[in-house]
Structure formats: structure tokens, C-alpha cells
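Residue numbers (my numbering): 11 to 174.
Even for Gly, the Cβ is constructed at its ideal location relative to N, Cα and C.
Given the structure is predicted, the values throughout are model-derived calculations rather than measurements.
Worksheet: the structure to be examined is printed underneath.
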Ligand code: FES
Ligand code: FES
């Protein structure tokens with residue numbers, strides 16, 4: 011009997027491009043993105059769903075890439091921080107993070123930006139309590155969160171005003 015780990019071929023859309031790869035069935039989505047596709051903006055911290063560093067968008071919803079298997083991404087649409095950044099969609103949020111000093115080491119930032127992007131997607135201003143609730147499960151060891159909430163609130167208000 012062979013001890014070789016079974017593999018499966020998957021196809022998914024990543025940052026707008028169709029990607030096909032053959033992966034061991036126990037490969038996490040995070041490892042697939044980082045090691046197979048070279049998308050290292052998806053960070054790995056706890057690897058057990060606690061820190062939020064590995065957050066990506068799957069079919070438009072935030073997921074923890076360390077908790078999913080790559081095979082579960084078969085047929086889905088994945089967006090990582092690289093894709094969101096290239097789209098230009100995060101430019102105002104990134105500027106607000108810079109202005110507010112909402113990052114230091116940056117390890118948590120790509121995941122938080124994608125969660126903020128999802129929170130802000132309807133263009134509504136958000137209450138600070140809603141922002142804090144939305145950031146539950148994102149651990150930032152540097153900033154104390156206040157500046158992150160400030161930055162997201164700034165952009166929520168700005169986008170809401172722009173859509174009036
Ligand atoms: S690395 Fe996925 S939640 Fe921490
Ligand atoms: S900026 Fe360092 S962990 Fe958040």
C-alpha cells in the first residue's frame with residue numbers, strides 16, 4: 011500500500027485569473043495561495059482560525075484561509091490582498107490607515123483591510139461599535155485597534171457622503 015498523500019486537481023479564480031493546480035488534499039487554502047501561487051500577502055499567524063491574518067475573500071465573503079482546504083476552493087472565486095490592491099479599491103482605506111497610523115509591523119493589515127473592505131462594501135457609514143464587532147477575530151499586537159477603527163470609520167463616512 012502506498013503512503014503517498016492523495017492529490018486532487020482544482021480550478022479556481024484567483025484575483026481575476028483562472029488557476030488550475032494539483033494539490034495534496036490536506037493542503038490548506040493559505041498554503042496553496044502562498045506556496046503554490048506565491049501570494050504571500052496572505053499572512054499566516056496562528057494557523058488555527060484565531061488571529062485573522064490569513065483572511066481572504068471567497069465568493070465575496072471573508073474566510074480564514076488557514077481553516078479551509080485548497081480543495082474546498084475548487085470552483086470558487088478567491089481574492090487576496092494582492093488582487094484587492096491591484097483593483098485600486100482599497101486606495102482610500104490604505105491612505106486612511108497611513109494617515110491614522112493604523113499599522114505598525116503590518117502583519118495583521120492585509121487581513122484587516124479585506125475585512126474592512128467587506129464591511130464597507132455597501133457604502134454605508136459604520137458605527138464604531140459595528141466596526142469593532144466586524145474586527146472580532148483580528149488580532150493586532152501593535153496598534154491597540156483605536157487607529158484602525160478610526161481609519162475605517164473615516165472611510166465609511168467619506169464613502170457614505172460621496173454616495174448621497
Ligand atoms: S493564520 Fe488563519 S486565523 Fe490565524
Ligand atoms: S500592525 Fe503589527 S500586528 Fe497589527
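Legend entry - Contact belief for residue 91 with residue 136 at Cβ below 8 Å, rounded distance in angstroms: With 8 Å as the limit, residue 91 and residue 136 do not qualify as a contact, their Cβ atoms being about 21 Å apart.
Legend entry - Cα-Cα separation, residue 61 to residue 147: 6 Å
Legend entry - C-alpha distance - residue 145 paired with residue 126, whole-angstrom precision: 8 Å
Legend entry - Cα-Cα separation between residue 98 and residue 35, rounded to whole angstroms: 34 Å
Inset, instruction - For ligand 2, enumerate in chain order all residues having a CB closer than 5 Å to any of its heavy atoms. - result: 113, 114, 115, 117, 118, 150, 151 and 152
Inset, instruction - Could you please give the first and the last residue of the uninterrupted beta strand (DSSP E) stretch that includes residue 29? - result: 27-34
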